[in-house]
Structure formats: C-alpha cells, structure tokens
DNA sequence: CTGAAAGCGCTTACAG
DNA sequence: CTGAAAGCGCTTACAG
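Protein chains in written order, with the working numbering: chain L, 1 to 355; chain B, 1001 to 1355.
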C-alpha cells in the first residue's frame, strides 16, 4: 500500500502539501497541485482510512442494528439506507440483534467502540433496560426506526400504521363485516399500539362498538401461536382478520390453510406488509403497504443532516401506509348483497382502491 | 471518551502497562494487573478501535458485497455470516451492488481502502472486467459465494445446484413427464450452468434425449420476461417447469396465474429456493432447498481460518441442495395412472421425500 | 503558498 | 516485570 510520504517524494513536496491537495485545500498553487495529482495517480495512492479517521475523529461509518436481516422488510430498510449513505461517502456496519435485547445492547456498544459517526437502530422493544443503558453511553446521533424511547430525545422515522389499518377496517366494515379480529405483536411496541389505535378508530367510526376482545397480542409469530389465536378468533365468529405484519400474515395463511378456511370466501383477510407472493396466492391478499426502502433512505438523510449540524430538537418523520384492497376482502359469507354503505363509499371514492 | 493515559494515571502505571494488562500479555504482575483492571473498570475504559487498528494493522472487519440485501436469500447469507463473524469479534461492513458491476467494483475498492481484513463477495457475474480489475488490487483474503472466477485463486463456497435439480427432474420423469422446461438466469454464472448440468443429467439418465430447446436463459426475472418465456415453453407443450431461483419462481407463479394455468394440475412446477409462502400457495410448491445461513456461516469460517494463516491452496466448500416434493408436482394431465418407474423409485426410497 | 512539527490513541520492540 | 520511546499514516495549526 502506497502512503502519502511516497507520493510526496515523487512529487518533490512535503507530505502536508500532498494532504492539502488531496483534501481540496484552497491555498495551493496550480503547479504543485498538478504535480501532486499526477504522482498520486501514477502510484495509485489511496489514503489510509484508519489514519484519516483517527486524526479527524470521523469514520464516515454508520452503525446499523437490525433485528433480523433475513426478514425482507429489514432487508429493504437496510438497502435504502445503504444506498443513500453511500452517496454521501458513508459505509454501513451491520449487526443482527436476533430479537435479543442483550445482544442488541452489546452491539450498540461495540459499534460505539468502533467509533461510528451515528447509529440507525431497529430495536426489539421500547422498554429494554439493557438497551436503555447502552444508549446512555452513546455520544453520537441516533435515528430510531419505528420506535419511540421515552426520555430519549433521538431522531426517529415512524410508519403511520394506524391510518393504513383504519382504512382497511373501514373497508371491511363497508363490506358488511361486524366482527373483525386483529392479530398484532407485543403492544410494548409502537407499531402494534398504532395498529390497535387505527383498528379502534375504524370500529368507532363505523358506529360499531370497538371489539377489544377480538384484538390478540401475540408473543411470537410462529405457526403454532398464530394458529391458536386464529382458532380463538374463529371461535368468536369473526368474519375478517387483520394481520399486523408479514410474519403474522404468513403464519395466518398457514393456519387458515391447515384448517381449510379459505381467505375471502370464508374469512376476509388483510395483511400489513406487501410481499410479492401475497399477490399470487388465491385470492390475492389485501394488504397495508409500507415502503421499507423509503424508511431506510429517510433515516440516512436525517442522520446526514444531524451530522452536518445546526438542527435543534429531535426530528420525527412520519411515513404513510396504504391500504390496497384485493380479492381476500369480500362481503362476509351470510351477506349476499353489498350493504349500502359500501356502494356509497365506492362512489365517493373514499375507500381504498382495488387492484 | 476515556483514553489509556487516564487509566494509567489512575492506576499509577505507564500506558504501556495498561495495554499489556488489557491484551493479556503474560509478563505482568498480579498486583499491577489488579490495579489496572480496577481503574479501567472504574472509568469504563474502552480502547479506541481505530487507534488499535492503525497500530496493529488489523481491523477485525470483513467487507461484504451483496447484490441486493432485500432479497431474502442474501439476507439469510449475510445473517449467517454476521452471526459467525461476531463470535470471532469481527464486524461486517455491508454494501449492495444493486446488480451493477461498476458499483460492485467500486465497493470492493472502497472496502479495501477501509482496510477490511477480508472480503466475502456475492458477485453479479463471473466475467466482469471491472470486477476483475478491482479484485487485482485486493491484498486481503477473499471468499467467493457461489461464483468461480477463472484465474483467481480465491476461496469459495458453492451450492451444488446440479444435484437438487437433477433429483427434481428425475422425480418429474418418474411422474411421467417427458417434456420439461427449465428457466434459469444467465449462464455466465456458475449457478445457472450447474442447474443446466443437473437438468441435462436427469434427462439423459431417464433415457429421454436432453431437451436443449426447453432451456430458457433469462436476462432478468421480471414478470414480463418470465411471462414470455413461460408462454414459449407452454407453446412447446411442456408439462412441467423448473424455475432456477425464488425470483424466477415468483414471476413464474405470476405468469401462470395471469394465464390461468394451475400449478400441479395443468403444469407441474418446481422452484429452486424455498420461501415460506411457497408452502402456502395452493397447491404447495415443490422446491429445491438450499441453506442460505449455512452458506454465510461457512464463508465466515473459511475467512477466519484463512486469516489465522497456515492454509495453503484455495478452499472450496460445496453445500448440498435438496429436492422437496410437494403438491405442485403431479403426473402430467394426460396420464391417469402412476407410471411404473415412480412406484419403483418410491419403494427403493431414492426419490425425494414428499412433505 | 509551503514545510516542519505535533498529535490522534494505541502497541510493541527495547532497555533496564 | 515495568517504563520511555518510537511509530502506525494521516491532518492541521503554526511559522515563514
């Protein structure tokens, strides 16, 4: 590896001058600039990033803690962030917390020890003491993804899960559904609380009393757990189910298949998150769409803005979610004609568009 | 941030002694060790990684170039690698090449400039001049994922795509299929060549003359391109189609749905790669399974072994793939009874097991 | 406009 | 067993 000294020798100038040329310092003569550039080019000089970082105190590196990169949603978020950060000359140090708060906390401190300039965190829970403790020692800017940590004035990018779920449930109500189930993850997480809020709002908006008993909080999204919850909802004679994310939705599809309950015909179905394959099962699944890559890109931009300084309070960016109606949402089995409400909404165009 | 000097002052020793204690140097007195450890603990000292790296020349960082982290297969590979590397104290610097060889080459050199200790590469093509050029300047060990670069003596982890496809096609032949189509990506890539090889071997093994004309090499896996290829195969009256990966398979499912061709009943179907949702479409899709996380973990282990020195020639690790038969592979429409061959194979237990 | 010197925070031969 | 010194490869006040 060529070092600055060798470039300096070839160009017959001091190393400091080489540095100035390469860093576009204004006060350099055109002739010297020319010589240095040629020498650097000739030797294929590339500055040692470590030395630069140690000296300047900036690593142009962002630490990313993600729950599980093999989940497509997180893959999309990381992709969006990485692309955006790359355009600023930043790189991404990636870690998986594997749904484990202790590991999450450990990764946060490892990333700090590696002197990242900032952190983008897709945390497990909003209430992990270990994570809070690790975050206490963090000196660099942090952008939280879809989480709010009380008492921590960090920037955040949040999905507006509520409005998408509300739209979906409103459509179900229009179709004639009165008993609707909601399957969500832990309500110790903003996303689930948000979905519950949208669900309740739609129920109330429909004049239906909100169905607290048909909201199921799942500890995990395994086929077994979701299967039990599904059985329990079907026992309550719900005619439609909303699944809080792709994992829950996938397990729900599995549970329905096991029980030979057909989506749409027997029980209507909406899944929060749009996977390509949800369009290919029969009937195609209605979804609440959110843009993972956008979340990553926005987080990256916030971090860049924060690092360039001059921003005062915490930045909160809310990203919308969209209901997309497909074949898995139909009138409930008993109803043979469309209820009036639906026709009305279709005319005014206020319901989600069918694709 | 606390530095070593402050720890030294508190412990009343020289900075070099602190360093020795913290690096488990053998020649330190128990008393001093005790004092230093207490001081470090008390101050919450964490060595500056940059300074350590600059001095020792090792960053404990691995650069990872992946085509697109939002594709679940790659997510799994990165996850497997990251988990394994973490256990060795290494971190992962992740970049997406976005299927773009120029970007891929750029990322390789950026990672080298960042002084990674090694590189794990999931390259686009096996024949990109830009990538070869970038790789020429690489001084650190490289592990290639599912690619072979002629003339480059790098370590590699490869899937044995051929055997999985061969098993699948053998099962299709047993079921009575005689005209089988294969949809693969560019044959400028080992994976596709491997699949073609397995396909041909099975055709020949069955006494069927190999169907070169029913092998379609796709430039991309868009719905449109795959749709045209599917139409062309159906025009050739194939009764079964094998899709080379999850993207092609997903598009194929879409194309079949568009054309109202039902998997299994109308045309049998095998997809290379197992996504959870492939089990949930109706009928469940037969697949050739490969373990993404295993590939990542094995690549990480090879890199660690290489970095610990003492290994001579390039390491090549082959990972198996497994055919899993499900409902999408059935006898062709005309055939009403199982052909004899199938029953025979089932008895000898040599065909893939149905799940 | 240019160079010599100091220093970022460590580790590691080298003395003792 | 311990400390003082040199040095990893840069950047940046400081002189001139």
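Think of the CB as a built atom: it goes at the ideal place given N, C-alpha and C, for glycine as much as any other residue.
By the neighbour-count criterion, in which 16 or more other beta carbons inside 10 Å mark a residue as buried, residue 311(L) falls on the exposed side. For the region 43-62 of chain L, residues whose beta-carbon sits nearer than 8 Å to a beta-carbon of chain B comprise 44, 46, 47, 48, 49, 50, 51, 53, 54, 59 and 61. In terms of beta-carbon proximity, residue 130(L) stays away from the interface with chain B, with every pair separated by 7 Å or more. When C-beta distances to chain B are compared with 7 Å, the residues of the region 244-262 of chain L below that value are 250, 253, 254 and 257, in chain order.
Taken through DSSP and simplified to helix, strand or coil, residue 190(L) comes out as helix. Residue 1281(B) has a beta carbon lying within less than 7 Å of a beta carbon in chain L.
Per DSSP, the beta bridge partners of residue 145(L) are 157(L).
Neighbourhood of residue 1115(B) in chain L, by CB distance below 8 Å: 48, 49 and 50, in chain order. Beta-bridge annotation (DSSP): residue 240(L) is paired with 180(L) and 268(L).
Along the region 1266-1281 of chain B, the positions whose C-beta sits under 8 Å from a C-beta of chain L are 1275, 1276, 1277, 1278, 1279, 1280 and 1281, read in chain order. When CB distances to chain B are screened at a threshold of 8 Å, the residues of the region 66-79 of chain L falling below it are 68, 69, 70, 71, 72, 74, 75, 76, 78 and 79, in chain order. Rounded to the nearest whole angstrom, the CA to CA distance from residue 148(L) to residue 121(L) is 11 Å. Under DSSP, residue 1084(B) takes part in no beta bridge, so it has no partner. Counting only Cβ-Cβ distances below 9 Å, residue 82(L) has contacts in chain B at 1069, 1094, 1095 and 1096, in chain order. By the rule that beta-carbons nearer than 7 Å mark a contact, residue 1286(B) does not touch chain L. Secondary structure note for residue 1316(B): its beta strand (DSSP E) is the uninterrupted segment 1316-1319. Under DSSP, residue 1322(B) shares a beta bridge with 1289(B).
In this structure, the straight-line span from the alpha carbon of residue 230(L) to that of residue 307(L) is close to 47 Å. Per the C-alpha coordinates, the member of 1313(B), 1320(B), 1197(B) and 1041(B) positioned closest to residue 1295(B) is 1320(B). Around the Cβ of residue 1325(B), a 10 Å sphere holds 16 or more other Cβ atoms; the residue is buried.
At a cut-off of 7 Å between C-beta atoms, residue 91(L) counts as an interface residue with respect to chain B. Scanning the region 89-113 of chain L for uninterrupted beta strand (DSSP E) segments of 3 residues or longer gives 91-96, listed from N- to C-terminal end. Distances from the CA of residue 1052(B) to each of 1080(B), 1043(B), 1020(B) and 1031(B) were compared; the closest alpha carbon is that of 1020(B).
By the criterion of at least three beta-carbon pairs nearer than 8 Å, the region 1163-1179 of chain B is not in contact with the region 1124-1143 of chain B.
By the 16-neighbour rule on beta-carbons within 10 angstroms, residue 213(L) is exposed.
Beta-bridge analysis with DSSP links residue 61(L) to 91(L). According to the DSSP secondary-structure assignment, residue 1217(B) is paired through a beta bridge with 1184(B). Under the DSSP assignment, residue 119(L) falls in the beta strand (DSSP E) whose first and last residues are 118-121. Burial check for residue 1(L): the Cβ neighbour count within 10 Å stays below 16, so the residue is exposed. For residue 235(L), the uninterrupted alpha helix (DSSP H) segment begins and ends at 223-235. Per DSSP, the beta-bridge partners of residue 66(L) are 96(L). In this structure residue 1265(B) touches residue 1330(B) by the C-beta definition: roughly 7 Å separates them, less than 8 Å. With 16 or more other CB atoms across the displayed protein chains lying within 10 angstroms of its CB, residue 1328(B) is buried. Selection 1117(B), 1112(B) and 1156(B) evaluated against residue 1123(B) yields 1156(B) as nearest (Cα-Cα). Under the DSSP assignment, residue 1206(B) falls outside any alpha helix (DSSP H); it carries neither an H nor an E label. When 104(L), 215(L) and 144(L) are compared, the shortest CA-CA separation from residue 241(L) is found for 215(L).
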